[in-house]
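One structure below.
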Amino acid sequence: MHRDYQIVGTEVHVDIYDDRLEITSPGGMLNGSRIQDLDLKRVPSMRRNEIISDIFGRLHYMDRRGSGIGRIINSYTDFTEKPVFYSNEFYLQVVLPNRSVADPAQLNLDLYSESQFNDEKTQFSNEKTQLTNRKLNSDKDWELIYFKEKLIEQIDNAFRNKTINQIEQLFNRYRYDYSFNRRNIAEMFCISENGASGFIKNV
Numbered sequence: 319m320h321r322d323y324q325i326v327g328t329e330v331h332v333d334i335y336d337d338r339l340e341i342t343s344p345g346g347m348l349n350g351s352r353i354q355d356l357d358l359k360r361v362p363s364m365r366r367n368e369i370i371s372d373i374f375g376r377l378h379y380m381d382r383r384g385s386g387i388g389r390i391i392n393s394y395t396d397f398t399e400k401p402v403f404y405s406n407e408f409y410l411q412v413v414l415p416n417r418s419v420a421d422p423a424q425l426n427l428d429l430y431s432e433s434q435f436n437d438e439k440t441q442f443s444n445e446k447t448q449l450t451n452r453k454l455n456s457d458k459d460w461e462l463i464y465f466k467e468k469l470i471e472q473i474d475n476a477f478r479n480k481t482i483n484q485i486e487q488l489f490n491r492y493r494y495d496y497s498f499n500r501r502n503i504a505e506m507f508c509i510s511e512n513g514a515s516g517f518i519k520n521v
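Be aware that the sequence shown starts at 319, since it is given in the numbering used here, and climbs by one per residue.
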């Protein structure tokens, strides 16, 4: 009914594939426009073959309301693959995806939502880890400040500045959480183990 019968030697082609149905009709849009450039929800209804249209309408083979494109689009509302419309001055083609093998739109939405949730969960976990690390670092900083204050109170110029710095370095590395011995001190300050023993004794 939509084909252009003035184009000689042509016919309507219906090609069936596993994943789609392709319908190609001779003759482009009646007003010369290209359907791929139009809003499919507002394509004007124009009858190329009015006599055939009238006969089909009387036989109730069509509703004569120009609702064909809208009905096609609505039938794919729940699917991600949508019909494709293309036209030029010679023909108009419609590609209809096979709905029995097409992915439901809700399935893709669920997959997207799950992926988004996992991303947000990972981001939250990373932020929580950062906050925890900041708190630990903050606690350690206060621990070091407190140790320095107590150290200054106790030594009262009893040690040289170099020795005080070494004590601070030693505390900053081991804190209250780890034990150490003279070998650790010797390696840390590049001195002999006997010198490390003397350091421990003096401190």
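We put the CB at the ideal spot given by N, CA and C, even for glycine.
What does the alpha-carbon distance come out to for the pair residue i and residue j?
i, j, result
"T481", "Q441", "45 angstroms"
"P344", "T398", "29 angstroms"
"D322", "R366", "7 angstroms"
"N483", "R500", "17 angstroms"
"N512", "I503", "10 angstroms"
"F403", "D396", "19 angstroms"
"Q354", "R376", "31 angstroms"
"S314", "G516", "Because the chain in this structure spans residues 319 to 521, residue 314 falls outside the shown range and cannot be described."
"R389", "G327", "31 angstroms"
"I334", "T342", "12 angstroms"
Bridge partners for residue i per DSSP, in chain order?
i, result
"Q411", "T342 and Y404"
Indicate whether residue i and residue j have their beta-carbon atoms separated by less than 7 angstroms.
i, j, result
"S405", "M364", "no"
"R338", "V419", "no"
"L387", "L358", "According to the sequence displayed, residue 387 carries Ile and not Leu. In this structure, L358 lies closer than 7 angstroms to I387 by Cβ."
Residue i lies in the alpha helix (DSSP H); which residues open and close that run?
i, result
"I334", "Here I334 belongs to no alpha helix (DSSP H); instead the beta strand (DSSP E) covers H331 to I334."
"M380", "Segment: none, M380 is in no alpha helix (DSSP H) and carries neither H nor E."
"M364", "Careful: M364 lies outside any alpha helix (DSSP H) and carries neither H nor E."
"G375", "E368 to R376"
"I503", "R500 to F507"
Below 6 angstroms, is the gap between the Cβ of residue i and the nearest heavy atom of the ligand SAM?
i, result
"M364", "Absence of the ligand SAM from the depicted structure is noted, as is the absence of any ligand whatsoever, leaving it without description."
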